[in-house]
Structure formats: structure tokens, C-alpha cells
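Numbering of the sequence shown is given in my numbering, commencing with residue 2 and proceeding in unit increments.
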Amino acid sequence: MAHMPSSPAGQPLGRGRIVLTRRGLCTVLAEEGNSLVLCPIHEAPALTHRADIPLTWRDELILGLKQNAVVRAIPFLKQRQAVTPQPASLSAFTLTQLRLRTHRELQVNALESDKLPFFSGRHARNRLHATHVS
């Protein structure tokens, strides 16, 4: 797939907008300046994760995905220039579920990280803050 230029920096993509990255399809959870908070979309993953939210049949149809596709509520940061906006968005229902599950997942990760030793690689400064998904 060719990587096309992204939208201008001043033009907001909006929550729920689908974008293409090197990792594949993702959805925008939040925008902050030149950074985007994204959650990955997986087509029928072999293994499920507690942070997986099944896409509605409407979302699967619009995105052209197989049955059992999920959006994983594990956010990561990406620069706006590194994504290609797609002409689709998640449904309001799925986006609401994603925001709630992401908030919960960040809380659980914070509890787990506090119990892990410092050398575990999951240090607090690498975590996204809950304000990104509120």
C-alpha cells in the first residue's frame, strides 16, 4: 500500500475517524496538537485480549472487514504526519464503548505497573494519561 500524505495539521480528524498506519487500520481516540492517540483495529484475531471490543456489523461492513473484527482499547501515540486518513469513522456506539474500556484499561495498567518492579520496562513516564481519553 502506498502511503499518501495526511490531512493538513490544522484540520482535525475527529474522534472515531479511521486512519491507516504502518501497523494497519486504527481509530483516532483523541487529538492533541500534532499527536494522535490511536487504538488498533484487528481483523478476527486468533487470541482475544481483555481490551478487545467487537465491532458492530455496521462498522465491519463500512470498513470492509471480516466478521469478528475488534478494536483493541490499548492506546498509543502517533504523529499526525505518520497516518493516512480514511473516509470512514466508527459508529457512536462503538466509540463510546472504546472510550469507556480505554479508560478502564489505563486504570488497570496503572495498578499493574505499580505492582511491577521498576526494571520491568513499564515505567510510569511511558504511560498515557487518562486525560487523553476523557
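Glycine included, each C-beta is placed from N, C-alpha and C at the ideal position.
With respect to Leu37, Gln87 sits apart: the two C-beta atoms are not nearer than 8 Å. Excluding five sequence positions before and after Ala70, the CB atoms of its chain that fall closer than 8 Å to its own CB belong to Ile42, His43, Glu44, Ala45, Pro55, Leu56, Asp60, Glu61, Leu64, given in chain order. Per the C-alpha coordinates, the member of Ser114, Glu113, Arg81, Arg102 positioned closest to Arg73 is Arg102.
Measuring C-alpha to C-alpha distances from Asn35 to each of Arg24, Cys27, His50, Leu14 identifies Leu14 as the nearest. Runs of alpha helix (DSSP H) with 4 or more residues, each lying fully within the segment 31 to 94, are found at 58 to 64, listed in chain order.
By the C-beta density criterion, Leu112 is exposed, having fewer than 16 other C-beta atoms within 10 angstroms. As the crow flies, the alpha-carbon of Val109 is around 31 Å from that of Thr85.
When the five nearest sequence neighbours on each side are left out, the beta carbons in the same chain lying within less than 6 Å of the beta carbon of Leu66 are those of Glu44, in order along the chain. Take the alpha-carbon of Asp115 and the one of Arg18: they are about 33 Å apart. Of the residues assessed, Thr95 falls on the buried side of the cut-off, its CB having 16 or more other CB atoms within 10 angstroms. In the DSSP annotation of this structure, the continuous segment of the beta strand (DSSP E) that includes Arg18 starts and ends at 18 to 22. When rounded, the separation of the alpha-carbon atoms in Leu48 and Gln82 is 31 Å.
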